[in-house]
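Asks: 196 is the number that the numbering used here gives to position 195 of the sequence shown; each next residue is one higher, with no gaps.
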Amino acid sequence: MRSPLPIYTLQVDPTLWQQMKFNVWSSHPAPALLRIEDGEEVRVGCCFRGAHTRVLLKKSYYLIDEEHGQEVHLNAEYVDNSFIRNKLSLDFFRSIGVMSPRSRHVWLRINDKDEGLYLALESVNASFFRRRNKPRGSIHYAVNDDANFSRRNTRNEIKEDLLSGYERKEGVPCDDETLRNFLSWVNGTHTAIFREKIGNYLDVENYLRWLAGVVCTQNYDGFLHNYALYRNPLTGCFQIIPWDFDATWGRDCNGRVMKYNFVSIKGDNQLSARLLAIPQYRRRYCDILEVILHKYFHPKVLQPIIQHHYEQLAPYVYKDPYKPGLIKRFRHEHKQILAYIHQRRTYLLKQLKELSAHNKKYRETAYKRGHKHVTLSCSP
């Protein structure tokens with residue numbers, strides 16, 4: 002018998018609730034009361050969240066408890082008929098050593114009306130790092146496609162500001178300048194200096210693991226936005242944290258099929274391209290990806306997790322008021338995710354072999370020229 006899902010009960014003044022639904026693009030939180038299961042009521046602010054999801058029938062919500070500095074995102078996962086892609090992705094990142102938001106499925110009621118099955122997501126803010134015993138540092142959200150680590154946007158136009166696409170969540174104005182300087186350095190530094198100094202500004206190990214995770218889950222948007230940058234004040238290095246990974250495991254952000262070979266093994270942004278152009282980091286990336294493909298991104302590992310979610314969520318999918326008659330599609334989506342894992346893994350193993358052969362060719366050339374080759378550990 003699977004444990005029942007937590008029930009989140011939200012009470013909003015009916016007049017304010019109607020105003021919210023009339024102006025879905027407002028980001029001004031309305032006062033509300035939140036009760037989780039049989040716990041005490043907590044005063045929160047409530048508003049809709051997301052971009053294109055705001056116009057969908059089933060809305061997603063942002064809740065903030067300013068008194069205690071807590072934030073929760075309630076994702077409707079309306080486009081994802083499996084209801085698990087986001088959670089499966091974020092849990093997968095954590096399994097491969099990348100910090101990611103914790104999440105859990107919940108049942109939501111607003112003003113005594115069932116709103117259905119939701120994913121409650123931890124916010125990436127100061128509390129996120131405090132819970133992980135990390136020092137408080139600046140946090141920037143990558144909020145649109147301009148956050149591609151490049152001087153140019155996706156239309157190949159020079160950006161007016163390198164910070165285009167970023168929004169400061171935590172920190173002070175001088176932290177904006179620190180990020181701007183880093184982005185300028187990434188784009189304007191000679192390869193030899195980049196190779197020597199990048200580790201002073203970026204947690205390269207974290208970035209390569211994140212890159213491997215995005216490549217496996219095939220979240221194309223993840224290279225350009227849907228991440229947060231945290232700067233550790235003790236090391237001075239930026240770390241990257243995944244966020245909002247519902248367009249994954251064989252589906253795009255509109256729920257359409259995305260072929261298993263759509264995203265290259267090398268990813269798609271300026272910083273990834275510069276790192277993988279350096280042999281030592283390309284080798285390290287191959288080592289990381291090889292371990293992941295054999296130990297983590299594997300049907301034998303992921304199938305029981307997917308099955309667990311299916312068994313736990315099926316009764317709630319059946320009752321979701323916004324998804325009538327979905328249960329067959331729900332069952333099909335879980336099978337589709339497993340099929341994607343088989344196909345994507347086979348494709349990546351082939352690409353990894355080719356990328357590793359390129360590394361071997363470079364090592365042989367370097368050896369002939371008298372260069373030393375340093376072997377790096379590949380433990381996750």
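For each residue, glycine too, the CB sits at the ideal point set by N, CA and C.
Since residue 104 and residue 121 are thought to touch, with beta carbons under 8 Å apart, how far apart are those beta carbons, to the nearest angstrom?
Replies: Contact flag correct, Cβ pair sits at about 6 Å.
Asks: Exposed or buried, which one is residue 86 when buried takes at least 16 other CB atoms within 10 Å?
Replies: buried
Asks: With contact counted as at least three CB pairs below 8 Å, one residue from each stretch, are the segment 194-206 and the segment 227-242 in contact?
Replies: yes
Asks: According to DSSP, is residue 152 part of a helix, a strand, or is it coil?
Replies: coil
Asks: Tell me, please, which residues DSSP counts as bridged to residue 76.
Replies: 120
Asks: Around the C-beta of residue 173, are 16 or more other C-beta atoms found within 10 angstroms, so that it is buried, or is it exposed?
Replies: exposed
Asks: In three-state DSSP terms, what is residue 168?
Replies: strand
Asks: Given a cut-off of 8 Å on the beta-carbon distance, is the pair residue 34 and residue 75 in contact?
Replies: no
Asks: Looking at C-beta atoms only, is the number of pairs between the segment 252-259 and the segment 182-193 that lie closer than 8 Å three or more?
Replies: no
Asks: Whose C-alpha, out of 334, 19, 249 and 140, is nearest the C-alpha of residue 222?
Replies: 249
Asks: Check the DSSP bridge columns for residue 1 and list the partner residues they point to.
Replies: The requested residue 1 does not occur in the structure, where the chain is confined to residues 2 to 381.
Asks: Please work out which residues of its chain come closer than 6 Å, Cβ to Cβ, to residue 138, disregarding the five sequence neighbours upstream and downstream, and give them in chain order.
Replies: 231, 232, 233 and 234
Asks: What residues match up with residue 1 in a beta bridge as DSSP calls it?
Replies: The question about residue 1 has no answer here: the residues shown for the chain are numbered 2 through 381.
Asks: I'd like the list of long-range same chain contacts for residue 317, defined as Cβ closer than 7 Å, with 5 residues on each side in sequence excluded.
Replies: 6, 108 and 118
Asks: For residue 305, write down the residues that DSSP places opposite it in a beta bridge.
Replies: Partner(s): none; residue 305 has no beta bridge.
Asks: Tell me whether residue 202 sits in a helix, a strand or coil according to DSSP, three-state version.
Replies: When secondary structure is reduced to three states using DSSP, residue 202 falls in the coil class, being assigned neither helix nor strand.
Asks: Does the Cβ-Cβ distance between residue 268 and residue 93 come in under 8 Å?
Replies: no
Asks: Of the residues 335, 320, 328 and 226, which one's Cα is nearest the Cα of residue 146?
Replies: 226
Asks: Could you check the C-alpha separation between residue 297 and residue 157 for me, to the nearest Å?
Replies: 36 Å
Asks: Between which two residues does the alpha helix (DSSP H) carrying residue 130 extend?
Replies: 127-132
Asks: If we ignore side chains and look at the alpha-carbon of each, how far apart do residue 244 and residue 161 end up?
Replies: Cα to Cα, residue 244 sits roughly 26 Å from residue 161.
Asks: Alpha carbons only, please: which of 61, 42 and 89 is nearest the one belonging to residue 50?
Replies: For the options 61, 42 and 89, the alpha carbon positioned closest to that of residue 50 is the one of 61.
Asks: Taking the C-alpha atoms as reference points, what is the distance between residue 98 and residue 277?
Replies: So the alpha carbons of these two residues sit roughly 20 Å apart.
Asks: With H, G and I counted as helix, E and B as strand and the rest as coil, what does DSSP make of residue 316?
Replies: helix
Asks: Tell me whether residue 47 is buried or exposed, calling it buried when 16 or more other Cβ atoms sit within 10 Å of its Cβ.
Replies: buried
Asks: Thinking just about the alpha-carbon of each residue, which of 153, 282, 264 and 82 is nearest to the one in residue 333?
Replies: 82
Asks: Kindly confirm or deny that the segment 282-292 and the segment 352-361 touch, where touching means at least three C-beta pairs closer than 8 Å.
Replies: yes
Asks: Return yes when the Cβ of residue 59 is within less than 8 Å of the Cβ of residue 341, no when it is not.
Replies: no
Asks: Can you tell which of 56, 69 and 357 has its C-alpha closest to the C-alpha of residue 382?
Replies: Here the chain has residues from 2 to 381 only, and residue 382 is not among them.
Asks: Beta strand (DSSP E) containing residue 258: first to last residue?
Replies: Residue 258 -> no beta strand (DSSP E), and no H or E assigned at all.
Asks: At which residue ranges does the segment 18-73 contain complete beta strand (DSSP E) runs of 3 or more residues, listed in the order of the chain?
Replies: Runs of the beta strand (DSSP E) lying entirely within the segment 18-73, each at least 3 residues long, are 31-37, 43-50 and 61-66 in chain order.
Asks: Would you grab the beta carbon distance between residue 273 and residue 184 for me? Rounded to a whole angstrom, and I think it's under 8 Å.
Replies: Actually they are not in contact, since the Cβ atoms of residue 273 and residue 184 sit about 14 Å apart, beyond 8 Å.
Asks: Specify, as a first and last residue, the run of the alpha helix (DSSP H) that residue 274 falls within.
Replies: 271-277
Asks: Give the DSSP-derived three-state secondary structure of residue 246 in the structure shown.
Replies: The answer is coil: DSSP assigns residue 246 none of H, G, I, E or B.
Asks: Excluding sequence positions up to five away, which residues of its chain have a Cβ less than 6 Å from the Cβ of residue 345?
Replies: 261
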